[in-house]
Amino acid sequence: ADYETILVERRDAVTLLTLNRPQALNALNSQVLAELLRALADYDADPAQRCAVLTGSERAFAAGADIKEMAGQGFADMYAGNFFAGYEQLTRTRKPLIAAVAGYALGGGCELAMMCDFILAADTAKFGQPEIKLGVSPGMGGSQRLARAVGKAKAMEMVLTGRMIDADEAERAGLVSRVVPAAELLDEALRTAATIAEMAPLAAMANKEMVNAAFETTLAQGVQFERRLFHALFGTADQKEGMAAFVEKRAGQWSGR
Ligand code: HXC
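Residue numbers for the sequence shown follow UniProt numbering, beginning at 2 and rising by one.
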């Protein structure tokens with residue numbers, strides 16, 4: 002389609018979304034937001050696409066919301082326009098979405114990565130919430146998602162000082178699932194996405210939905226939600242196929258039903 006700030010490629014069942022504003026280190030402006038939401042809606046709606054990867058460049062996943070776009074805005078503009086609230090839509094993507102982060106993931110860039118299902122990091126990745134240095138704060142969920150991901154101590158230090166953490170510290174803190182050499186990031190992300198793309202699609206959606214419920218519910222409610230979805234999957238053809246394939250020692254052939 003006709004995108005200017007992102008690249009969208011379909012590689013078999015994997016959609017690769019690449020932020021593409023190199024002159025601004027992939028700073029996120031309203032156009033990036035609109036294009037990303039459109040591309041993700043297309044991905045979610047296309048039954049042939051089973052997993053997506055969101056990435057940036059070698060230098061930057063994204064260096065934040067576009068400071069030049071925000072600089073002149075007042076409270077009334079931000080509040081009336083509900084600035085960047087559209088990003089919430091991204092978290093309603095029902096199919097798996099992996100962030101592959103190399104270089105800077107700062108401010109809105111870190112927040113965008115955290116809205117994905119998990120983050121694979123290159124050894125060059127740097128994460129931070131430097132908004133305080135601009136006289137503001139995270140505004141796309143960063144204070145909440147970072148605190149849940151890395152705990153209060155590290156989140157609080159990061160948002161109050163703007164200190165960046167490198168890939169190893171991010172892995173130790175639980176912000177990223179794995180760190181890989183920068184040269185292998187994209188291949189590894191695509192390989193991981195291909196693995197997920199080979200799973201039964203309804204099961205992939207249900208697994209994602211129940212892990213996300215862990216962040217919205219009490220333990221008892223979350224466990225109940227998991228059990229309901231687990232039971233529900235026994236109403237799918239792919240459960241019959243998956244278990245039959247195991248017994249017959251062959252790979253499952255999913256119908257997506
Ligand atoms: C607009 C940006 C930008 C940003 C970088 N650029 N980050 N433009 N918004 N967030 C632009 C620079 O102005 C410059 O353009 C070009 O990208 C290259 O950046 P440099 O600064 O020259 O590169 P370097 O010296 O390597 O430094 C990299 C950097 C630095 C450390 C990442 O760019 C930086 O500190 N950026 C801002 C990071 C930040 O504060 N992010 C949080 C934003 S607030 P020119 O035209 O000069 O070459 C935010 C709020 C989220 O994200 C909440 C929203 C609701």
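By construction, the Cβ of each residue, glycine as well, lies at the ideal position given by its N, Cα and C atoms.
In the structure shown, what three-state DSSP assignment does residue i receive?
i      : result
Lys241 : helix
Tyr44  : helix
Glu132 : helix
Val248 : helix
Leu26  : coil
Ala126 : coil
Tyr4   : coil
Asp167 : strand
By Cβ distance below 8 Å, which residues in the same chain neighbour residue i in space, the five residues on each side in sequence not counted?
i      : result
Val181 : Leu121, Ala122, Ala123, Asp124 and Glu189
Gln225 : none
Below 8 Å on the Cβ atoms is my contact criterion, and I expect residue i with residue j to pass it. Report the Cβ-Cβ distance as a whole number of Å.
i      : j      : result
Ile197 : Pro131 : Not really, about 32 Å apart at Cβ, beyond 8 Å.
Ala156 : Gly175 : Wrong, their Cβ atoms sit about 11 Å apart, outside the cutoff.
Glu59  : Ala103 : 5 Å
Ala63  : Ala28  : 7 Å
Less than 7 Å between C-beta atoms, sequence neighbours within five positions excluded: which residues of the same chain meet that for residue i?
i         : result
residue 1 : Outside the modelled stretch of the chain, which goes from 2 to 258, sits residue 1, for which no answer is possible.
Arg164    : Gly129 and Glu158
Just reading off the beta strand (DSSP E) that residue i is part of, what are its end residues?
i         : result
Thr92     : No beta strand (DSSP E) holds Thr92; DSSP gives it neither H nor E.
Ala63     : Ala61 to Ala63
Glu10     : Ile7 to Arg12
residue 1 : Look at the range of the chain in this structure, 2 to 258, and you will see that residue 1 is not part of it.
With 16 other CB atoms within 10 Å as the buried threshold, where does residue i fall?
i      : result
Asp239 : buried
Leu191 : buried
Met244 : exposed
Met116 : buried
Can you name the start and end residues of the alpha helix (DSSP H) that residue i belongs to?
i      : result
Ala205 : Pro202 to Ala214
Using C-beta distances below 6 Å, list every residue in its chain close to residue i, excluding the 5 sequence neighbours before and after it, in chain order.
i     : result
Asp45 : Thr94, Arg95 and Lys96
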